[in-house]
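Sequences listed follow chains A and B, in order. Be aware that the first sequence starts at 1, since it is given in the UniProt record's numbering, and climbs by one per residue. Be aware that the second sequence starts at 1, since it is given in the UniProt record's numbering, and climbs by one per residue.
Protein chains: 2
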Amino acid sequence: MTERAAHLRDVFVAGVGTTPFGKHLDRTLGSLAGEAADAAVRDAACEYGDIEMVVFSNAAEGVLSGQEMIRGQVALKDTPLAGLPLFNTENACASGSAAAHLAWLAVAAGQVDRAIAIGAEKLFHPDKNRSFAAIESGTDRSLNSEDLRPGQGSVMMGAYAAEARAYAAEFGDVDKAMAAIAVKNRRFAAGNPHAQFRSPITVADVQAGREVAAPLRLLTCSPLTDGAAAIVFSAERPRTGDRPGVVVTSCRSVSNGPAGPVVERAARAAYEATGLSVHDIDVFQLHDASAFAELLQYEQIGIAAKGEGIAAALDGRTGPGGDMPVNTDGGLLSRGHALGATGLAQLGELARQLRGEAGERQVPGARRALSVNSGGWMGDDYATAFATILTRR
Amino acid sequence: MTERAAHLRDVFVAGVGTTPFGKHLDRTLGSLAGEAADAAVRDAACEYGDIEMVVFSNAAEGVLSGQEMIRGQVALKDTPLAGLPLFNTENACASGSAAAHLAWLAVAAGQVDRAIAIGAEKLFHPDKNRSFAAIESGTDRSLNSEDLRPGQGSVMMGAYAAEARAYAAEFGDVDKAMAAIAVKNRRFAAGNPHAQFRSPITVADVQAGREVAAPLRLLTCSPLTDGAAAIVFSAERPRTGDRPGVVVTSCRSVSNGPAGPVVERAARAAYEATGLSVHDIDVFQLHDASAFAELLQYEQIGIAAKGEGIAAALDGRTGPGGDMPVNTDGGLLSRGHALGATGLAQLGELARQLRGEAGERQVPGARRALSVNSGGWMGDDYATAFATILTRR
Chain A
1 MTERAAHLRD VFVAGVGTTP FGKHLDRTLG SLAGEAADAA VRDAACEYGD IEMVVFSNAA
61 EGVLSGQEMI RGQVALKDTP LAGLPLFNTE NACASGSAAA HLAWLAVAAG QVDRAIAIGA
121 EKLFHPDKNR SFAAIESGTD RSLNSEDLRP GQGSVMMGAY AAEARAYAAE FGDVDKAMAA
181 IAVKNRRFAA GNPHAQFRSP ITVADVQAGR EVAAPLRLLT CSPLTDGAAA IVFSAERPRT
241 GDRPGVVVTS CRSVSNGPAG PVVERAARAA YEATGLSVHD IDVFQLHDAS AFAELLQYEQ
301 IGIAAKGEGI AAALDGRTGP GGDMPVNTDG GLLSRGHALG ATGLAQLGEL ARQLRGEAGE
361 RQVPGARRAL SVNSGGWMGD DYATAFATIL TRR
Chain B
1 MTERAAHLRD VFVAGVGTTP FGKHLDRTLG SLAGEAADAA VRDAACEYGD IEMVVFSNAA
61 EGVLSGQEMI RGQVALKDTP LAGLPLFNTE NACASGSAAA HLAWLAVAAG QVDRAIAIGA
121 EKLFHPDKNR SFAAIESGTD RSLNSEDLRP GQGSVMMGAY AAEARAYAAE FGDVDKAMAA
181 IAVKNRRFAA GNPHAQFRSP ITVADVQAGR EVAAPLRLLT CSPLTDGAAA IVFSAERPRT
241 GDRPGVVVTS CRSVSNGPAG PVVERAARAA YEATGLSVHD IDVFQLHDAS AFAELLQYEQ
301 IGIAAKGEGI AAALDGRTGP GGDMPVNTDG GLLSRGHALG ATGLAQLGEL ARQLRGEAGE
361 RQVPGARRAL SVNSGGWMGD DYATAFATIL TRR
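Following this line, the structure appears as C-alpha cells:
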C-alpha cells in the first residue's frame with residue numbers, strides 16, 4: 001500500500017439494488033431510479049436519512065427525452081434524496097462505474113460516511129432510430145463516416161464486427177466461440193430474476209439469428225435495455241447480522257490514448273494497485289456489449305493468453321462450474337445493457353456473489369471479484385474503461 | 001474540524017487558465033478546452049506528465065453538436081491528457097464547480113497528487129434556437145409549459161423575471177438596483193482581458209436596452225458565451241517562487257429539495273464547515289445569470305439582510321472599492337457565461353485575486369474568497385448550488 005493510499009478509508013458495498021432490466025416504455029427514468037435506490041437502501045439496512053451524497057449516472061437521456069442537464073435532480077426529485085449534494089456523471093456505457101468510483105471516493109476520503117451511486121437508462125424509444133442515435137452519440141462523431149450514422153443500426157456493433165473480422169483473420173474463425181459465449185451468458189441469466197432474457201438458447205439458435213454486422217448476429221449483440229441499478233457505499237459495515245461484508249479493494253480507470261487498449265490498461269492498473277493477479281479473482285464481470293468483446297477481454301485481463309480467447313470461450317472455464325466464471329448474471333447480452341446502469345448492475349452482481357446470495361448462479365466460496373466496464377468508441381478502441389475489485393470481508 | 005474532515009489533505013489551487021470568453025464559432029470545443037488546460041498547467045509550473053486525473057465539465061454539447069457522451073475524451077483526444085482517468089460531469093450552469101469539487105476530492109483523498117478540472121462550452125450555434133433549446137434542457141422539462149419552450153427565448157430568463165417581479169411586489173422596484181449591478185460588473189470587466197464585454201455602460205444604457213422578460217432587459221441578462229476554463233489542483237504547493245499559495249478551504253453543494261433555497265443552503269454549509277461568516281470573506285463570485293440573481297444572492301449569502309438586496313446593490317459595497325466586492329472579473333453578465341466553464345472561471349478569478357495578480361481589478365490584500373455557482377431550474381429554484389471557499393496561504 002502506497003503512502004497515498006493510506007489516506008483512503010475502507011469502504012463497504014453496503015447495499016445493492018437493481019430493477020428488472022428490459023423494455024419499460026411505460027415507466028419514467030425517475031421511477032426506475034427510485035426503485036433501484038429503494039432496493040439499495042433497504043439492502044444496506046440503513047435509512048435514506050443516512051445518505052449524504054448522490055452520484056447519478058445516465059448516458060443518453062438528452063438525446064432520448066431532451067432532458068440534457070440536471071438528469072439526476074429531475075429523476076430523483078420525488079425521492080427522499082432530493083436536496084442532497086448530487087453529481088451527474090457520464091462515461092458512455094461505463095457511466096455506472098464512473099458513478100461508483102466517485103461515490104466510493106467520497107466515502108474513502110472521509111468527505112461523507114455514506115454515498116449512493118444510482119444509474120438509470122431508458123434506451124427504448126417509440127422511434128427506434130432515436131435509440132440508435134443515442135448509441136451513436138457515444139462514439140467520437142468526428143470520426144464516423146456517414147454510412148455509420150443512424151438508420152444503419154448501431155454504430156457500436158459495426159465497430160465490434162470490424163474488430164472481430166480482424167481478429168478472425170489472425171487467429172481463426174470466431175463464430176463458434178461467440179455462440180458459446182452467448183449460450184453461456186444465457187445459461188447464467190436463467191438464474192437471475194432481473195435479467196432481460198432468460199429462456200435457454202442453443203448454438204444453433206445463435207447461428208440462425210439475423211446478421212447484424214458480420215460476424216455478429218442478433219444473439220451475439222447486446223440488446224436495447226431500460227433499467228436502473230444503485231449501490232450504497234458506506235464507511236461502516238452494514239448492520240445486516242451474519243451476512244459477509246464486501247469492501248472495495250481497487251477502483252481504477254483510464255481513457256483512450258496512445259498507451260494501448262483501455263481494458264488491458266485498466267485491469268493492469270487494478271492488479272498492480274493491489275498486488276493481485278487474475279488467478280486471485282473468483283468471479284468476473286466483463287463488458288460483453290458483443291460476444292466478441294467478451295472474447296477479446298479474456299485476453300486483455302489475463303483469463304486467456306493472446307490469441308487464445310477462442311479456446312477460452314469454448315473450453316467452459318468461464319461458464320457455470322468453470323474456474324473463471326464470467327458474467328454470472330447473464331452479462332450485457334442476457335441481463336441487458338441499460339447504459340448508465342450497467343456498471344452498477346455489474347458491481348451489484350459481484351457483491352451478491354461475494355455474499356453468497358446469488359442463488360442457483362452462485363460461485364461457491366467466491367472471495368474476490370473483478371468488474372470491467374468499458375464505454376464509448378473512438379476510432380479503434382473504447383473511450384474509457386473502469387476496473388473494480390471487490391473483496392469479501 | 002470534524003474527525004471525518006481529518007482524512008482530507010490540504011489541496012492547492014496550483015494553476016488556473018481561462019480562454020477569452022465570447023463568440024468562437026470558428027473554434028472547436030477541444031481547441032478551447034486545450035487552450036485552458038495549457039494555461040492552467042503552465043500557471044501551475046508543472047508538466048502535463050504530473051497530472052493524474054481529469055474531470056471534464058460541459059452542459060450542452062449533446063444538444064449543440066450531438067456529442068452526447070464521452071465529451072471530455074473527444075475534446076481532449078489531441079492533448080497530452082488523452083489516456084488519463086477522466087470523469088465527465090454535468091450540473092447545468094454549475095457544472096464547472098462540480099468538476100472542481102470532484103478534482104479537489106481526488107487530491108484531498110490522496111487518490112492522486114494532481115488532478116485537473118476542465119470546463120468548456122460552445123453555446124453559440126448558427127441556429128440561435130438550438131442555443132435556447134440547450135439552455136431549456138437545463139430546466140426540469142416536465143414542469144415547462146409549451147409557451148416557455150424554445151422559440152420564445154431563454155426559459156431561464158423567464159424564470160428569473162418571475163422571481164424579480166415577485167420580489168419587487170414585496171420589497172420595491174428592482175430596476176435601478178439591477179441596472180447598478182450590470183454597470184458595476186461591466187466596470188470590473190474593463191480590467192479583465194478575457195471578459196466577453198468590456199466597454200463601459202451606464203444605467204441609462206441598461207434601461208434603454210431591449211426588454212427580454214420584464215423587468216429583465218438585455219444588459220441585465222447574461223449573454224450566450226463560448227469559452228473554457230481549467231484548474232490544476234495539487235497536494236503540493238506549486239513551485240512558483242514567492243507567489244502566495246491558494247488552498248481550498250471548503251467545497252459544499254446541495255440540490256433542489258424541500259429544505260429551502262439551494263444558494264442559501266450551500267453558502268450556509270460552507271460557512272458552518274469552516275466556522276467562517278460572510279464578514280471573513282474579502283472577495284466574492286456570485287452567479288449573476290441575471291442581475292436579479294446577484295441581488296437575491298446578496299441576501300442568501302449574508303451580504304445583505306432579507307429585503308435589503310436593493311440597498312446593497314445601490315450603496316456600492318459590492319463594487320470597486322467596496323468592502324464586499326462581487327464579480328470582480330465582470331461576472332456572468334460581462335465576463336460571460338459559458339455554462340460548463342463558468343464555475344471554473346469563477347474560481348480562477350478568485351485564485352488570481354488571492355495571489356494579488358488581478359491587476360487593475362485587484363481587491364487589496366484579499367485573503368479569503370467565496371464563489372457561489374448555481375445551476376439548472378426546477379419550478380421555483382435552481383436544481384443545484386455549489387459554494388467554494390478559497391484561502392491565501
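Cβ atoms here follow ideal geometry from the backbone N, Cα and C, with glycine treated the same way. Since the model is a prediction, treat every value here as computed from it, not as a measurement.
Each of B:Ala60, B:Ser277, B:Tyr298 and B:Leu86 was checked against the Cα of histidine 287 (chain B), and the nearest Cα belongs to B:Tyr298. With respect to chain A, the C-beta atom of glutamine 346 (chain B) has no partner C-beta closer than 9 Å. Sequence-distant partners of arginine 367 (chain B) (beyond 5 residues in either direction) whose C-beta falls short of 6 Å from its own C-beta, in its chain, are Asp282 and Arg392. By the Cβ neighbour-count rule, glycine 375 (chain B) is buried, with 16 or more other Cβ atoms within 10 Å of its own. Judged by DSSP secondary structure, arginine 392 (chain B) falls within the beta strand (DSSP E) whose first and last residues are 384-392.
Here isoleucine 181 (chain A) carries a helix assignment [DSSP, helix/strand/coil]. Looking at the backbone, the Cα of glycine 307 (chain A) and that of glutamine 196 (chain B) are separated by about 56 Å. The three-state reading of DSSP puts asparagine 192 (chain A) in coil, since its state is none of H, G, I, E or B. If you look at threonine 89 (chain A), you'll find it isn't in any alpha helix (DSSP H); it sits in the beta strand (DSSP E) that goes 86-90.
Assigned with DSSP and collapsed to three states, arginine 355 (chain B) falls in helix. Interface criterion not met: the Cβ of threonine 388 (chain A) is under 9 Å from no Cβ in chain B. For arginine 42 (chain B) and alanine 230 (chain B), the gap between their C-alpha atoms comes out near 11 Å. In this structure, B:Trp377 is the residue among B:Thr388, B:Trp377 and B:Leu216 with its C-alpha nearest to the C-alpha of serine 142 (chain B). Interface criterion met: the Cβ of isoleucine 70 (chain B) is under 9 Å from a Cβ in chain A.
Within the same chain, Cβ atoms closer than 6 Å to the Cβ of valine 54 (chain A) are found at Leu81, Leu84, Leu86 and Ile116, the five residues on either side in sequence being excluded. Contact between asparagine 185 (chain A) and asparagine 327 (chain A) holds: CB atoms are separated by about 5 Å, below the 8 Å threshold.
Using a Cβ distance threshold of 9 Å, leucine 218 (chain B) and glycine 209 (chain B) count as a contacting pair.
Distance between valine 212 (chain B) and glycine 316 (chain B), taken at the CA atoms: about 26 Å. In the DSSP assignment, serine 222 (chain A) falls outside any beta strand (DSSP E), carrying neither H nor E. Counting only Cβ-Cβ distances below 7 Å, asparagine 88 (chain B) has contacts in chain A at Thr89, Glu90 and Asn91, in chain order. Closer than 7 Å at the C-beta level to chain A, one finds these residues of the segment 255-284 of chain B: Ser255, Asn256, Gly257, Pro258 and Ala259. The Cβ neighbour count for tyrosine 271 (chain B), taken over all protein chains shown within 10 Å, is at least 16; the residue is labelled buried. Taking a beta-carbon distance threshold of 9 Å, proline 223 (chain B) does not count as an interface residue toward chain A.
A residue is called buried once 16 or more other Cβ atoms fall within 10 Å of its Cβ, and glycine 275 (chain A), having fewer, is exposed. Close CB contacts of histidine 125 (chain B) within its chain, under the 6 Å cut and outside five residues either way in sequence, are with Leu64 and Ser131 (chain order). If you draw a straight line from the Cα of leucine 347 (chain A) to the Cα of asparagine 192 (chain A), it comes to about 14 Å. By the C-beta density criterion, aspartate 175 (chain B) is buried, having at least 16 other C-beta atoms within 10 angstroms.
For glutamine 207 (chain A), there is no enclosing beta strand (DSSP E); the enclosing alpha helix (DSSP H) has its first and last residue at 203-208. Look at glycine 245 (chain B) here: in three-state DSSP terms it is coil, with no helix or strand label.
Contact residues of the segment 73-86 of chain B toward chain A are Gln73, Val74, Lys77, Ala82, Gly83, Leu84, Pro85 and Leu86 (C-beta to C-beta distance below 7 Å). Within the UniProt domain "Thiolase C-terminal" (263-383) of chain A, the runs of alpha helix (DSSP H) that reach at least 4 residues and sit entirely inside it are, in chain order, 291-301, 309-314, 331-334 and 339-355.
Annotation: the segment 102-171 of chain B contains the following complete segments of the beta strand (DSSP E) (minimum length 3 residues), in chain order: 114-122.
Listed along the chain, the chain A residues whose CB falls inside 8 Å of the CB of aspartate 50 (chain B) amount to none; the nearest CB is some 14 Å away. Every beta strand (DSSP E) of 3 residues or more that sits fully in the segment 22-68 of chain A is shown, in chain order, as 53-57.
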